[in-house]
Each structure stands twice: as C-alpha cells, then as structure tokens.
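Protein chains in written order, with full-length UniProt numbering: chain A, 1 to 344; chain B, 1 to 344.
One structure is given below, encoded as structure tokens.
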C-alpha cells in the first residue's frame, strides 16, 4: 500500500481487530500487509487478481466464525459459500470453483455438522459453483466453537471489467442493491442475549447474478464494487473515499433500512450504516451508465430495491458525508470497536 | 467416489476424525463427499483440477492447527505455507499464488502473531510463491488455541504430467524422497508432556523443486505422488492400494527412519510408517523411469537420500505389505485412532 504508513503497536489481539473497522485496518495494514503482501498488493479488495498463463483469475478466501451457527434465513455453512462467491463477484469474476476447510471442535454433534454440510451443498448448487476439494481438522473440546469454516474461491475475471478505486471519479454515482443491516441485526438477535425480537432474516444470497447483469449493460461504466459485510456500508465507503481520494456524498433518505433494523439500532445505539450485510453490494458507476445499471439490477429477481444512494465528489477529500432530508450533513466514520463480534 | 459406499454413523466428532486415518476417511467419504463433492470428485488427491478457460489449474486448501505453535525446525506459519505449496506440487502443478486466513484468539500476544506472519512471509519467499490476499477473524479467548491458519493455493498444472491412482500399474516403482517421521515426532516431543528428548527437527520444506526436477526427466513415467502428512506413509500408500486396486510391496529396510524417530516410536508403541511428515513425498514411477527419477531427486539439494522403497504388484489386491530383512512380510494398515493429535 503506497498510501499509508500504519504501525501496529497494540500489545494483544482483541475482538475489535476482527470487526472489519479501524482496528482491523490497523492490524492488516500495520502488520499483515507489510510482511506478507508488500510486493504483491496494490489495493485491498475482496478478491486478488492472478495471471494464470494469460487468463486473469480472481482468487479469494474467507474464514467464517459466525455465532450462533444457525440464525433466521441462514447458517454458517450457507454464508461460507455465499460470502466467497460474493467476493469473486465483487472482483467482476464469474465464480469457477471453491475449496473449503472445516475446523471442528471435538464433541460436535455429527447431526450439526451434517446440517451445515447440507447447507453448504445447497448454497453451492444455488450459486452454480462446485466445491472441488477440502480439508478437515479437529481440535480439542474448548479449542473452537462448534465449527469454523474457511472457503477459498477462484473465478474468471471478465475482461470487459476494470475495477479499482483508482478509476473512481467525481460525478460517479453510488448504487446500492437493497436494504442494509438485515444480516448483522438478525445474528445479534439470534443470540438471544437481548430482550428483543423482530421479524427479520439474514440477507445472505449469491450476488453473481446481479453483477453479471451489470456487466452485460454497464461494463465500461463500472468502477468499483464491494459487498459491505463487517463494518457495514460506512466502512466500505470510507475505504473507497480514502483509496480513491474523493468524497462520497450520500443521500441518507435513499438508503433503505427496514423498520426492525432501524428499531434495534436505535435501542442499541448503533448506526445501521455500520451493521454487516451478507447479500447486498454497493457499486460505483459512471453517470452515463447509472440509470441503465439500476434498471438491470431491478430486473434480476431480488434486485427490485436497487437504487442510487449518492455520488462521488471531489471534496471533502477522503470523507464520507450523509445528507439528511432536512438538508443537514453528517460525517460518516468507519466502524470503531466491535459492537457485534463474530457476525460472519 | 465410485468405489465406496461409506456411511458415517458416529454420533459425535472426535479427534480421530481429524487424524488423517480411518476415522477421517469415514467422515470424508461418508459425509462430506456425498453432499459436497458428489458430482465433482473422482479421486481424493491433495489438489483438485479446475479448467479455467483452457488452462488446467490445481487448486487446494488446508487448515493448520498444529500445537505447539513453534517447534524445532518450524512453526505453524511456516507449515501453513509449505503445506499448501506441497499439495500443489503433489498435483504436478507449479504454485502460482496463495491466499490465507487467520483465526485469532482474543488475548493472543501481538508478538506471537508477528512471529508467525514473519515465518509465513519467509516461507512464501523461499518457495517463490506470493501471498496475494487474506482474511482475519478474531474469536473470544477460549474459542481457539492462539491462532489457526488456513492457506489456499493455485498452481498451473504441467501439461506433461497426468497423475492418478488409475494410472498405476504392477511393476511401477515406489520412490521416497528421504527419512520419515521427523515432523510428527518433533512436534510430539515439543509438547513436553513426555520425558523424552531428541536432537530432531521438523522436515518442513517446499517440495516443488523436487517435483520440477522429476517432471523434467521423468514426466511420462510419473503416475502418482503424495506427501504423507497426517496418517504417515502407511496411510498414503493404503489409499493408493485401494484407489488403484493393487498391492504396494515395500522393502522395509529401504525406508529410512532416523534413530531418534525410531527410538521414540519404540518407547511410545508407534509405527514410524504412521507418523506425519511435512517435507517428504512418495512417487510412483514406471520402471523405465525409476532410476533417472531417483538420480534427479538426489541432485536437488536436500534430496540426497531419495531412494526406491518398493514396487507395485497385482496381488494381494488393495493391501500394503512390508518385507523385512529376514524375508518375513507384514501387512501395513492405515492409521487407526489418533496417537498424535494436532500435528499440522
């Protein structure tokens, strides 16, 4: 990373280092990237590109430690497939194949494992991406939490698409695929530690069909995409503002938040913009392609709520702003701390 | 898998399910493959093959949960890189790129993490394979054991090589790269639970240079390769005997076992053939290429101890036999149970 000189000086690892917000960035940019990726990495994205004898591949991996293992609308097995499919899609790549590992805690009921293996198989089938290999490890009781899943995926990068924060320009439009916060609040409520109930389900789903539709009609105008998981939409757009050295100005009214998510956030003192999603994404599209891109998303089943939520401006540099319906603006910061640990 | 109808009926997951032996096979073939890979998998190998628009890629992933994190000759970070490089090499593929995830336990000292990140970076540099991406999760204290690492890798499959148990024929020669059991016994002793000491280090190293040398001189004769990690040489060769429907007849005297490994095994009642390795591999080579293959391995630094250790015969079908110096033979079974948990 050319843009930063981050030093990681924290003495111990804390939950916040895994939350996707500021502490995560400090760990990644201050410790992991300088050693592991100093020569290879130009930009932190959901998937990396690898040249394989003339074919441009997208390559990605994620570990899943969500708690509880099952929640309304999904489970760890389902998000372990969809999340990796979506990271490839966010790289403009049609998913080709996945490999997966299980870290199992001794004592786990075989029926729980079977349930998650079935969930993975169904999700892979729905996404149309085969699982071609894997690995299983078992650790002693008390050295994991049921099971952790890691899924790596490769995809073929569409040659029509060139995604990079460096390509984002003032005037580009910010498009969001649907309502935010469903996944994070669903998982939080599923823990049962709060005396709250809501008719809400995780939004986990494969995003490739939406991206494929976008590419068909708007490839030349597609600048940057991200599925805002940990840290939420606010964190994803702050990273964009920083990497692209632009302002992201949001029309806060246009960002859909279901009443149940908004209500839970109000009670808990959380901002929906910081809540994790699993099945939504944000795309930056040049102005001349914005309308056709939104139309294309709306035509894909499940994309009916796609809309423009803001635009890129030159100033204030590296800042995300939200304009309210009353004309006021507020600065939207990255997530700090970890209000919702182990959300994916 | 066409060859088996395994049913997984164990009620709970136990450490033995992760040991690489019979219980692992039951879990994999009875539960994981039938759901996840029923359409894609023809043979369980270290790496899977994926067609990427005309390029034959090898794709692999492994999780690493070794305990302790550091041991003589290596550490979790080093084996997390070498192990994945080696799985690609065993698929006859030159490693192209890796991605990696860390599951960190809250409370882990940052200095411990830094040490392992440095170990990963050094191992990747030594192997000549870039790390291009990753993911980090943090779980609560007591929900992991320091850190777990998962590494996925892709490689370009050498078009001259066609590796499959189906290609193995009676008369083919069994070639082993060096002494066995170093890694498993080193890790076991590093735990300090036994009142044993030995001047022994893990054999972890990248195997691609050896495979590259083999391919150069013996590609048409190269039938099958495996790095015998969990479950040891005995388990790897039993899988071969079963998949290829042949007998593997070993000359037990030719299999090198260091005195420290043999001594520890005798005290503990273990068979060196069941002990995990990280930096050795076994290759099945057609008889006309066997000598040139061994010569090529010996010329690669660290390959001086490569030698022929046996041959493939038609009968007794699906069995591994070892001949002793006194002319007796014994049946070598797969690993049963888990004498050495969390060895990689």
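For every residue, glycine included, the Cβ atom is placed at its ideal position computed from N, Cα and C.
If the cut is a Cβ gap below 7 Å, which residues of chain B does residue 10/A touch? In chain order: 110.
Terminal residues of the alpha helix (DSSP H) in which residue 140/A lies: Taken as a continuous stretch (DSSP letters only), residue 140/A belongs to no alpha helix (DSSP H), as it is neither H nor E.
Using alpha carbons as the reference points, say which of 74/A, 97/A, 47/A lies closest to residue 39/B. For the set 74/A, 97/A, 47/A, the Cα lying nearest the Cα of residue 39/B is the one of 97/A.
Please tell me whether residue 281/A has its Cβ less than 7 Å away from any Cβ of chain B. No, its Cβ sits nowhere closer than 7 Å to a Cβ of chain B.
In chain B, what lies closer than 7 Å to residue 137/A by C-beta? Within chain B, the residues near residue 137/A are 18, 63, 65.
Can you list, in chain order, the residues of its chain with a C-beta nearer than 8 Å to that of residue 297/B? Leave out the 5 residues immediately preceding and following it. 175, 177, 210, 213, 214, 303, 306, listed in sequence order.
Does residue 289/A come within less than 7 Å of chain B when only Cβ atoms are used? With 7 Å as the cut-off, residue 289/A does not count as an interface residue toward chain B.
Identify the residues that DSSP records as bridge partners of residue 251/A: which are they? DSSP lists 323/A as partners of residue 251/A.
Check each residue of the stretch 50-62 of chain A: if its Cβ is closer than 9 Å to any Cβ of chain B, include it; give the result in chain order. Residues of the stretch 50-62 of chain A whose Cβ lies closer than 9 Å to any Cβ of chain B, in chain order: 50, 51, 52, 53, 54, 55, 57, 59, 60, 61, 62.
Determine, for residue 336/B, whether the minimum Cβ-Cβ distance to residues of chain A falls below 7 Å. Under the 7 Å criterion on CB atoms, residue 336/B is classed as non-interfacial with respect to chain A.
Nearest to residue 127/A by CA position, among 164/A, 328/A, 88/A, 233/A, is which residue? Measuring C-alpha to C-alpha distances from residue 127/A to each of 164/A, 328/A, 88/A, 233/A identifies 88/A as the nearest.
Please name the residue, chosen from 8/B, 194/B, 129/B, that lies closest to residue 113/A on a Cα-to-Cα basis. The shortest C-alpha separation from residue 113/A is found at 8/B.
For the pair the stretch 242-253 of chain B and the stretch 309-320 of chain B, tell me if three or more CB-CB distances fall below 8 Å. The stretch 309-320 of chain B and the stretch 242-253 of chain B touch, with three or more beta-carbon pairs separated by less than 8 Å.
Starting from the Cα of residue 260/A, find the closest Cα among 13/A, 270/A, 46/A and give me that residue. Of the listed residues, the one whose Cα sits closest to residue 260/A is 270/A.
Tell me the residue span of the beta strand (DSSP E) that contains residue 128/A. First-last for residue 128/A: undefined, no H or E at that position.
Are the CB atoms of residue 107/B and residue 12/A nearer to each other than 7 Å? Yes, Cβ-Cβ distance for residue 107/B and residue 12/A is below 7 Å.
Report buried or exposed for residue 335/A, applying the criterion of at least 16 other Cβ atoms within 10 angstroms of its Cβ. Counting of Cβ neighbours within 10 angstroms places residue 335/A among the buried residues, the total reaching 16 or more.
Measure from the C-beta of residue 14/B to each C-beta in chain A and report whether the shortest distance is under 7 Å. Residue 14/B counts as touching chain A.
Please list the segments of the alpha helix (DSSP H) lying wholly inside the UniProt domain "PurM-like N-terminal" (45-156) of chain B, counting only runs of 4 or more residues, in order along the chain. Restricted to the UniProt domain "PurM-like N-terminal" (45-156) of chain B, the alpha helix (DSSP H) segments that are unbroken, complete and at least 4 residues in length are 76-90, 110-127, listed in chain order.
Contact between the stretch 267-284 of chain B and the stretch 43-54 of chain B is defined here as three or more beta-carbon pairs at a separation below 8 Å; is this criterion met? No, they do not touch.
Starting from residue 268/A, trace the alpha helix (DSSP H) both ways and give me its first and last residue. Its alpha helix (DSSP H) spans residues 259-268.
Residue environment, residue 60/B, which counts as buried when at least 16 other CB atoms sit within 10 Å: When all chains shown are included, residue 60/B counts as buried.
Between the stretch 154-166 of chain B and chain E, which residues of the former have a C-beta closer than 8 Å to a C-beta of the latter? Judged by its chain identifiers, the structure shown contains no chain E, and its protein chains are A and B.
I need the DSSP call for residue 26/B, collapsed to helix, strand or coil. Three-state DSSP puts residue 26/B in a helix.
Per-residue contacts from residue 143/B into chain A (C-beta, under 7 Å): Near residue 143/B (Cβ distances below 7 Å), the residues of chain A are 144, 145.
Residue 204/B and residue 82/B: beta carbons closer than 7 Å? Contact check for residue 204/B against residue 82/B passes: the beta carbons are separated by less than 7 Å.
Candidates 62/A, 224/A, 181/A: which alpha carbon is nearest residue 167/A's? Measuring from the Cα of residue 167/A, the nearest candidate turns out to be 224/A.
Own chain partners of residue 144/A with C-beta closer than 6 Å, once the 5 adjacent residues on each side are dropped: Here the set comprises 103, 105.
If the cut is a Cβ gap below 7 Å, which residues of chain B does residue 354/A touch? Nothing in the structure corresponds to residue 354/A, since chain A is present only between 1 and 344.
Looking at the unbroken beta strand (DSSP E) that takes in residue 311/A, where does it start and where does it end? First-last of the beta strand (DSSP E) with residue 311/A: 307-313.
Just to confirm the assignment, what range does the alpha helix (DSSP H) spanning residue 222/B have? Element bounds for residue 222/B: not the alpha helix (DSSP H) but the beta strand (DSSP E), 222-226.
For a cutoff of 7 Å on Cβ pairs, would you count residue 36/B as touching chain A? With respect to chain A, the C-beta atom of residue 36/B has a partner C-beta closer than 7 Å.
Is residue 326/A close to chain B? Criterion is C-beta to C-beta, closer than 7 Å. Residue-level contact check: residue 326/A does not touch chain B, since none of the beta carbons of chain B fall below 7 Å from its beta carbon.
Between residue 131/A and chain B, is any beta-carbon pair separated by less than 7 Å? For residue 131/A, a Cβ of chain B is located within less than 7 Å of the residue's own Cβ.
Taking Cβ positions, are residue 342/A and residue 20/A nearer each other than 7 Å? Contact flag unset, no.
Same chain, Cβ closer than 7 Å to residue 190/B, neighbours up to 5 away in sequence not counted: The answer, listed in chain order, is 68, 71, 72.
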